[in-house]
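Visitor: My questions will all concern the structure given below.
Residue numbers (our numbering), protein chains in the order written: chain A, 1 to 184; chain B, 1001 to 1184.
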């Protein structure tokens, strides 16, 4: 490691400053650095972990959703996704959300990784998946607050949407780009 | 739109519940949905926007960083990145952070898009870039809290790190995957 001190920090105190569990918790932490310095107000935020998936139908189209997202403040294109229920396995959550939001099931799933949203503040972990061969088996019924329109894109249409700025949410860009890299 | 009501929500009230500006602000919003329903406690979080970049050196290697990230809780591989200063242009911030963190300048920059981190809660916007032809012109001096080790990866090594779970932060996975898609 060439003399670099890459050791973890230590958490010396952690005060829960805002508690709206399970939707949101915010802590103020006092942390100790490897060089002996101390930081008194490092903020840690926790919102629910989620699963998101790039899903190809049996005829090779990607399933996207067009709906209003309040974090973006506009109607935008996203991928199917949803929060993990308490103790839920991420892949099971992905399958459940795909069925609820799009009425599809897929026989072929693989992980594209689990990622922390905030390198400093944590926020949550997103579990990203790629699925292939999806077929519609039910009517969508997500129970989400947003009305949603399903759209089906070719690989080229998805690439174009990425380049044109139609994908506005980071996890959607990550999932789509990772899926397109895997399916060259 | 097939009868779907994709209209934006309206914010009917917004209470600042936690104020640690400029590092963190948390609002509780009362929002009105297009179908007339009202949600009394929709949480909006704001932390600083940032720039992140996948940078190829003049000899075709990607510049990565290995350091402890407290949001992840471990030493991990990331890309150069940093918060935008007040009013700062994202591309200028990317160039400044690249120089500070790695001592490199690059002649060729393009945007990989700007993305909201939280589709529900907002959090912040990440501005992602691809740069090529970088050369070292100075000694790194980031002023960051973390000791950092620079590492230089071939395209194949970066793909392997992505697949092996060595990339643990969502924005790094997004930036790397988008950059690798662009440079097939």
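Virtual Cβ for every residue (Gly too), placed ideally from N, Cα, C.
Which residues, in order along the region 127-155 of chain A, keep a beta-carbon less than 9 Å from a beta-carbon of chain B?
Guide: Here the close residues are 128, 145, 146, 147, 148, 149.
Visitor: What does residue 168/A reach in chain B if we use C-beta pairs closer than 7 Å?
Guide: Those are 1115, 1116, listed as they occur along chain B.
Visitor: Flag this pair as yes or no: are the beta carbons of residue 106/A and residue 151/A separated by less than 8 Å?
Guide: In this structure, residue 151/A does not lie closer than 8 Å to residue 106/A by Cβ.
Visitor: Could you pull the start and end residues of the alpha helix (DSSP H) that residue 1182/B belongs to?
Guide: Start and end: 1170-1182.
Visitor: Which partner residues does residue 1005/B have in the DSSP bridge list?
Guide: DSSP, once it has assigned bridges, lists no residue as partnering residue 1005/B.
Visitor: With a cut-off of 8 Å, does the C-beta of residue 1038/B fall near any C-beta of chain A?
Guide: Not closer than 8 Å to any Cβ of chain A, the Cβ of residue 1038/B fails to qualify, so no.
Visitor: Got a sec? Which residues, its chain only, sit under 6 Å from residue 41/A by beta carbon, not counting five neighbours each side?
Guide: Taken in chain order, the residues that qualify are 28.
Visitor: How about residue 1033/B and residue 1025/B: do their beta carbons lie closer than 8 Å?
Guide: No.
Visitor: Using a Cβ-Cβ cut-off of less than 7 Å, give me the residues of the region 1077-1089 of chain B that come near chain A, in sequence order.
Guide: So the close ones are 1078.
Visitor: Check the Cβ of residue 171/A against every Cβ in chain B and list those closer than 7 Å, keeping chain order.
Guide: Simply 1170.
Visitor: Between the beta-carbon of residue 65/A and the beta-carbon of residue 48/A, is there less than 8 Å?
Guide: Cβ distance not < 8 Å, so residue 65/A and residue 48/A don't count as in contact.
Visitor: Which chain B residues are close to residue 180/A, counting only those with a beta carbon under 9 Å from its beta carbon?
Guide: Correct list: 1177, 1181.
Visitor: Quick one: Cα of residue 116/A to Cα of residue 137/A, how far?
Guide: Distance between the alpha carbons of residue 116/A and residue 137/A: 33 Å.
Visitor: Which same chain residues, not among the five before or five after residue 153/A, have their C-beta less than 7 Å away from its C-beta?
Guide: If we look at residue 153/A and ignore the five residues flanking it on each side, its Cβ neighbours are 61, 62, 64, 161.
Visitor: Does the distance from the CB of residue 1171/B to the CB of residue 1053/B come in under 8 Å?
Guide: Cβ distance not < 8 Å, so residue 1171/B and residue 1053/B don't count as in contact.
Visitor: Straight-line CA distance for residue 121/A to residue 1073/B?
Guide: Their backbone Cα atoms lie some 10 Å apart in a straight line.
Visitor: Between the alpha carbons of residue 1044/B and residue 43/A, how many angstroms are there, rounded?
Guide: Cα to Cα, residue 1044/B sits roughly 15 Å from residue 43/A.
Visitor: Does residue 41/A have its Cβ less than 8 Å from a Cβ in chain B?
Guide: With 8 Å as the cut-off, residue 41/A counts as an interface residue toward chain B.
Visitor: Output the distance between the C-alpha atoms of residue 1124/B and residue 1166/B, rounded to the nearest integer angstrom.
Guide: Distance between the alpha carbons of residue 1124/B and residue 1166/B: 24 Å.
Visitor: Using the C-alpha atoms, what's the distance from residue 1147/B back to residue 140/A?
Guide: Roughly 49 Å separates the two Cα atoms.
Visitor: Answer with buried or exposed for residue 1135/B, where buried requires no fewer than 16 other C-beta atoms within 10 angstroms of its C-beta.
Guide: Residue 1135/B is exposed by the Cβ-count criterion.
Visitor: Find the nearest neighbour of residue 1039/B within the set 1100/B, 1009/B, 1108/B, 1018/B, judged by alpha-carbon distance.
Guide: The residue with the shortest Cα to Cα distance from residue 1039/B is 1009/B.
Visitor: List, in order along the chain, the chain A residues whose C-beta lies closer than 7 Å to that of residue 1119/B?
Guide: Per Cβ cutoff of 7 Å: 69, 71, 72, 78, 169.
Visitor: In terms of residue numbering, what span does the alpha helix (DSSP H) encompassing residue 162/A cover?
Guide: Residue 162/A -> alpha helix (DSSP H) spans 155-163.
Visitor: Output yes or no for whether 8 Å exceeds the beta carbon distance between residue 1114/B and residue 1090/B.
Guide: Yes, Cβ-Cβ distance for residue 1114/B and residue 1090/B is below 8 Å.
Visitor: Compute the Euclidean distance between the alpha carbons of residue 156/A and residue 35/A, then round it to the nearest angstrom.
Guide: Distance between the alpha carbons of residue 156/A and residue 35/A: 50 Å.
Visitor: If you draw a straight line from the C-alpha of residue 1129/B to the C-alpha of residue 88/A, how long is it?
Guide: When rounded, the distance between both Cα atoms is 35 Å.
Visitor: If we define contact as Cβ-Cβ less than 8 Å, is residue 75/A a contact residue for chain B?
Guide: For residue 75/A, the answer is yes, since a Cβ of chain B falls inside 8 Å of its Cβ.
Visitor: Taking residue 1094/B as the query, report the chain A residues whose CB atoms sit under 9 Å from its CB, ordered along the chain.
Guide: By Cβ distance, chain A contributes nothing, its closest Cβ being about 16 Å from residue 1094/B, past 9 Å.
Visitor: Answer with yes or no whether the minimum CB distance from residue 1165/B to chain A is below 8 Å.
Guide: Judged by the 8 Å Cβ criterion, residue 1165/B is in contact with chain A.
Visitor: Give the DSSP-derived three-state secondary structure of residue 23/A in the structure shown.
Guide: The answer is coil: DSSP assigns residue 23/A none of H, G, I, E or B.
Visitor: Out of curiosity, what's the CA-to-CA distance linking residue 1149/B and residue 1179/B?
Guide: So the two alpha carbons sit approximately 22 Å from each other.
Visitor: With 16 as the cutoff for other CB atoms within 10 Å, does residue 58/A come out buried or exposed?
Guide: Result: exposed.
Visitor: Taking only beta-carbon atoms, is residue 1051/B less than 8 Å away from chain A?
Guide: Residue 1051/B does not count as touching chain A.
Visitor: Given that residue 1098/B touches chain A, what residues does it touch there, using C-beta distances under 7 Å?
Guide: Here the premise fails: no neighbours, minimum Cβ distance about 17 Å.
Visitor: Pick out the complete alpha helix (DSSP H) segments inside the region 1086-1114 of chain B, 4 residues or longer, and give them in chain order.
Guide: Segments of the alpha helix (DSSP H) lying fully in the region 1086-1114 of chain B: 1090-1102.
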